[in-house]
Amino acid sequence: KVKQNGRNDALLYSESWSNYSFEHLSLQHEMYRAIQRKEFILYYQPQYDMISGGMIGVEALVRWKHPIRGMIPPGDFIPLAEESGMIVQIGDWVLEEACRQNKCWQESGLPPMPVSVNLSIRQFVQHDLASKVADVLTRTGLDSQYLDLEITESMTMDVNHVSRCLLDLTALGVGISIDDFGTGYSSFHYLKNFPIDRLKIDRSFVRDIQQDPSDAEIVAAIIAMAHNLNIQVIAEGVETQEQIEFLRKHNCDEMQGYFWSAPVPSDNIEQMLGGYYM
Ligand code: C2E
Ligand code: MG
Ligand code: MG
Ligand code: MG
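Just so we're aligned, residue 1 is where the sequence shown starts under our numbering, counting upward by one.
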């Protein structure tokens, strides 16, 4: 039984995936074929410099263009893909596609900028993550300075192993960002032990900057601390002018959010970079 309540929430009713519902099993099964059938697609969300307002990068965000269920957002299948291990294959595809697209933009004469790719913690379990990334860069011809990898904090990770992987990746010249900063398990441990270029303040803090004085304090403190550690800061989920003003006042470096653009297909990014929209 497939409920379809509209746009993106076809799957939201099945809170009980842990019960191995029909929905769960059927999606797992379909995910195996989705890569070959080219049902995954990347959207890109622009990132902006806080001072100049110029676009300085894009984040690649995967969607599943399901032939029957329609566009499935990552929140509805990434957890399932992580559980089944399929995230490794999906992640490989995302990495290669994002690098290919970025190289393609550069070759068509658009101003070069990094693409950020989200990595699942499951992708670190592979011992050869760094050599895999190196292979993708070679295959696509993308220079490593134009790739940024986003990792989220997780309780299940082996800190020593991840730390070694990140050092290998840094040696390649790719950037490392911590995603959803502040919501996870051991943020400070990360900052101290991992080679981090940038942290992304989780949008739950940004959302209430105006209403909640403690969120405002936390955001200001994160920015100050990161800068003392030589780490750049990008704010996620920026939706209002007031948030921008606050972030600018506290010297946040970069920003990303619906205020400028939701994630959009690659064509739209081309138009933005080409100046048609700006
Ligand atoms: P994330 O990496 O933190 O990505 C940011 C999410 O916030 C995106 O949701 C984006 O559409 C949304 N967002 C951006 N600006 C705003 C805003 O101003 N307001 C609000 N309310 N939301 C905003 P999306 O695309 O649904 O992705 C959700 C999550 O799925 C991502 O969170 C990321 O953790 C995961 N994900 C997406 N693509 C991939 C992927 O290729 N691999 C892996 N492992 N995870 C992915
Ligand atoms: Mg991200
Ligand atoms: Mg680095
Ligand atoms: Mg995030």
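No residue lacks a Cβ here, since even glycine has one placed at the ideal position from N, Cα and C.
This one's a predicted model, so the numbers in the text were calculated from it and none came from an experiment.
Taking 8 Å as the cut-off, the Cβ atoms of G184 and S144 do not count as close. The criterion of a C-beta distance shorter than 8 Å is satisfied by L273 and M55. Close CB contacts of M157 within its chain, under the 6 Å cut and outside five residues either way in sequence, are with I121 (chain order). In this structure, Y146 keeps its C-beta atom at 8 Å or more from the C-beta atom of V117. Annotation: P111 to H127 spans about 34 Å, alpha carbon to alpha carbon.
Between Q243 and I209, the C-beta gap is smaller than 8 Å, which places the two residues in contact. By the Cβ test, the region 73–89 is in contact with the region 27–40, since at least three Cβ pairs between them sit closer than 8 Å. With a cutoff of 8 Å on beta-carbon distance, V264 and G237 are scored as not near each other. Counting of Cβ neighbours within 10 angstroms places Q241 among the exposed residues, the total staying below 16.
In this structure, D148 has its CB at a distance of at least 7 Å from all heavy atoms of ligand 4. In this structure, ligand 4 has no non-hydrogen atom nearer than 7 Å to the beta-carbon of K249. Remark: C-beta atoms of G91 and L61 do not approach each other more closely than 8 Å.
Excluding its 5 nearest sequence neighbours in each direction, N193 has C-beta neighbours in its own chain below 8 Å: V159, S163, listed in chain order. At a threshold of 7 Å, E23 does not count as near ligand 4, since its beta carbon sits no closer than that to any of the ligand's heavy atoms.
The C-beta distance from Q101 to I234 rounds to 21 Å, too long to meet the 8 Å contact threshold. G257 places its beta carbon 8 Å or farther from that of E245.
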